[in-house]
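In my numbering, the protein residues as written are 15 to 199.
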């Protein structure tokens, strides 16, 4: 069978990303574009859903360290009021940003970003996976989202992030919180 030849024009395949033109090119270099990114895991969710427990379970199965992102647990001396994990509950997993700030000081989102970036770098330098766990979404937002006045937007360009949202049904949450309150009192 003979197929009639039609006029076929060869088209140049267009790249998926254009490296020509405006401001985007200044933010992108080939090495950074193709470099394998380090991983960071986020365990987030409402109060009392077991974020710390999940983070510790993950860290006992993978070589990891945990970075606290709870606004209250960052302060010294609030173990009971914040249900901060005990040494026994940590099961030998190193934790960062727990009880580091004076309760009379203001530990801001910018402070969190600075300390967290430093902790992530040191964890990765030891060949481990950073797991950021806690319920303060404003800290996570400050770390991840673009801010014109600083370099925090670099975070998502530098790291590949995995988000785990922990959620439970209301009856389970109520039972868990009641049990937690009983232990705290």
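Where a beta carbon is used, it is the ideal one built from N, C-alpha and C, also for glycine.
As assigned by DSSP and simplified to three states, the class of residue i
i, result
"residue 118", "coil"
"residue 184", "helix"
"residue 179", "strand"
"residue 189", "helix"
Spatial neighbours of residue i in its chain, beta-carbon cut-off 6 Å, leaving aside the 5 residues before and after
i, result
"residue 177", "56"
"residue 85", "150"
"residue 76", "143"
"residue 183", "none"
"residue 59", "65, 179, 180 and 181"
"residue 1", "Past the boundaries of the shown model lies residue 1; the chain is included only from 15 to 199, so the question cannot be answered."
Cβ-Cβ distance between residue i and residue j below 8 Å
i, j, result
"residue 138", "residue 78", "no"
"residue 202", "residue 72", "For residue 202 there is no data in the structure shown, the boundaries of the chain being 15 and 199."
"residue 181", "residue 61", "no"
"residue 141", "residue 82", "no"
"residue 54", "residue 175", "yes"
"residue 170", "residue 158", "yes"
"residue 80", "residue 107", "yes"
"residue 90", "residue 125", "no"
"residue 130", "residue 105", "no"
Close Cβ partners of residue i (< 8 Å) along its chain, the five nearest in sequence each way excluded
i, result
"residue 99", "66, 70, 109 and 112"
"residue 68", "57, 147, 178 and 180"
Where the alpha helix (DSSP H) containing residue i begins and where it ends
i, result
"residue 170", "168-172"
Residues near residue i by beta carbon distance below 7 Å, same chain, minus five either side
i, result
"residue 123", "152, 153 and 156"
"residue 102", "none"
Ordered list of beta strand (DSSP E) runs contained in the stretch 56-110, each at least 3 residues: Counting whole runs of 3 or more residues, the stretch 56-110 contains the beta strand (DSSP E) stretches 78-82.
Unbroken stretches of the beta strand (DSSP E), 3 residues or longer, contained in the stretch 133-160: Listed in chain order, the complete beta strand (DSSP E) runs (minimum 3 residues) inside the stretch 133-160 are 143-147.
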